[in-house]
Amino acid sequence: MADTEQVSGAGTNMMHSSILRVIEDKKNINQKLSNIKHKIGIYSAKGGVGKTTVAVNTAFTLSSMGYKVGLIDADIDCPNALMFLGIEGTFSDEYPLKPAEKEGVKVVSTAMFVDDAKKPIIWRGPLVAKMIREFLDNTDWGPLDYLIIDLPPGTSDAPLSIIQLLSLDGFVLVTTPRHISAVNTIRSGMMAKRLGVALLGVVETMSDGSGDGGEEVAKELGCELVGKVRSNKMFGEMSDSGIIPVLKDDEIRKEFEDIIKKAGLVEK
Numbered sequence: 003m004a005d006t007e008q009v010s011g012a013g014t015n016m017m018h019s020s021i022l023r024v025i026e027d028k029k030n031i032n033q034k035l036s037n038i039k040h041k042i043g044i045y046s047a048k049g050g051v052g053k054t055t056v057a058v059n060t061a062f063t064l065s066s067m068g069y070k071v072g073l074i075d076a077d078i079d080c081p082n083a084l085m086f087l088g089i090e091g092t093f094s095d096e097y098p099l100k101p102a103e104k105e106g107v108k109v110v111s112t113a114m115f116v117d118d119a120k121k122p123i124i125w126r127g128p129l130v131a132k133m134i135r136e137f138l139d140n141t142d143w144g145p146l147d148y149l150i151i152d153l154p155p156g157t158s159d160a161p162l163s164i165i166q167l168l169s170l171d172g173f174v175l176v177t178t179p180r181h182i183s184a185v186n187t188i189r190s191g192m193m194a195k196r197l198g199v200a201l202l203g204v205v206e207t208m209s210d211g212s213g214d215g216g217e218e219v220a221k222e223l224g225c226e227l228v229g230k231v232r233s234n235k236m237f238g239e240m241s242d243s244g245i246i247p248v249l250k251d252d253e254i255r256k257e258f259e260d261i262i263k264k265a266g267l268v269e270k
């Protein structure tokens, strides 16, 4: 019998071979990542809302609390995490891939494998999806308590590949106070819910009291607004300089500790 058919008592059901491959890939990847306790996505369908800021500072806050943490920059064609971390240099492309490391946090990004950060990475969807699979399937993460995944914006190939291939504990959604940002974040949350992934909470970034985007997203999706990261010039300056804010400012670190606890990533 061809591998595209399954026989049940009620008759013959057709299952395309590509679906079977996705199921098998997910099984294999999750077996390889079985020494990672928790896998958390940081997500919004809107770009420029502070996903990388939230992902980086969440990862380093968890690390400062004593956990072993990895960070995937899954924004394959516009990777920024290494700039946020001040990581430069050349990296080995031998298998398995070896993460870069900063203050104990392991990091992978496509920026590790291009010779010029300003050079555009012009890849079609299948190549983007393949690179994500390399980060999941062929990276030597070792044992971790948390793997934080900074997803790219949108609701297409890259975030879909991660949702399909990983058994995620859930998503933390990111929005700004603006209504248009909230609308796009709601789209990403609806996608996650349709695919059966838990919504752990909403973080409002660049919060200055001028809008209620975080509340709007939380109300529409039926989840909790777990924190607001205040608009802070110093915050942006540190990130632009490769300085990790939660490691330099106690007030910022406290904001992220509260977010992490309210989102249920650690016990309160």
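Residue numbers for the sequence shown follow our numbering, so the first one is 3 and each next one is one higher. Note that the Cβ used here is the ideal one computed from N, Cα and C, for glycine as well. Treat the numbers as computed from the prediction; the structure is a model and nothing was measured.
#1: Mind listing, in chain order, the continuous beta strand (DSSP E) runs of no fewer than 3 residues lying wholly within the stretch 199 to 241?
#2: Would you list the residues sitting across from PHE173 in a DSSP beta bridge?
#3: Relative to the C-alpha of ALA220, which residue among SER212, ALA265 and GLY211 is closest?
#4: Return the CA-CA distance between VAL228 and ALA102, expressed in angstroms with no decimal places.
#5: When DSSP builds the beta bridges, which residues end up paired with SER111?
#6: CB PRO98 to CB ASP27, shorter than 8 Å?
#7: Let me check you understand the geometry: is the CB of MET67 closer than 7 Å to at least one non-hydrogen atom of the ligand SAH?
#8: Give the DSSP bridge partners of ILE160, in chain order.
#9: DSSP beta-bridge partners for ILE38?
#10: Taking C-alpha atoms, which residue in VAL268, THR63 and ASP147 lies nearest to LYS40?
#11: Who are the near neighbours of LEU153 in its chain, counting only those whose CB is closer than 6 Å to its CB and skipping five residues on each side?
#12: Should PRO145 be labelled buried (16 or more other beta-carbon atoms within 10 Å of its own) or exposed?
#13: According to DSSP, which residues form a beta bridge with THR55?
#14: Since THR112 contacts PRO81 with CB under 8 Å, what's their CB separation in whole angstroms?
#15: Nearest by alpha-carbon distance to ILE89: which of ILE245, ARG255 and LEU267 is it?
#16: Who pairs with ILE151 in a beta bridge, going by DSSP?
#17: Closer than 6 Å by C-beta to GLY183: which residues in its own chain qualify, once you throw out the five before and the five after it? Chain order, please.
Put simply:
#1: Contiguous beta strand (DSSP E) elements confined to the stretch 199 to 241 occur at 201 to 209 and 227 to 232, taking only those with 3 or more residues.
#2: Answer by DSSP bridge pairing, in chain order: GLY43 and LEU201.
#3: Of the listed residues, the one whose Cα sits closest to ALA220 is ALA265.
#4: Near 30 Å, if we compare the C-alpha coordinates of ALA102 and VAL228.
#5: Bridge partners of SER111: ASP75.
#6: Result no, Cβ atoms of PRO98 and ASP27 do not sit closer than 8 Å.
#7: Absence of the ligand SAH is noted for the structure shown, with no ligands found whatsoever.
#8: Inspection of the sequence shows that residue 160 is occupied by Ala rather than by Ile. Bridge pairing for ALA160: absent [DSSP].
#9: By DSSP's assignment, ILE38 forms a beta bridge with LEU146.
#10: Residue identity differs from the one stated: residue 40 is His in this sequence, not Lys. Checking every option, the nearest Cα to that of HIS40 belongs to ASP147.
#11: The beta carbon of LEU153 is closer than 6 Å to those of GLY43, TYR45, ALA76 and PRO161 in its chain, skipping five residues each way along the sequence.
#12: With fewer than 16 Cβ atoms within 10 Å of its Cβ, PRO145 is classed as exposed.
#13: THR55 is not bridged to any residue.
#14: Their Cβ separation, rounded to whole angstroms, is 5 Å, which keeps THR112 and PRO81 in contact under 8 Å.
#15: Ranking ILE245, ARG255 and LEU267 by Cα distance to ILE89 puts ILE245 first.
#16: According to DSSP, which records beta bridges pairwise, ILE151 is partnered with GLY43 and ILE74.
#17: The residue asked about is misnamed: residue 183 is Ser in this sequence, not Gly. Here the set comprises LYS48, VAL51, THR177 and GLY215.
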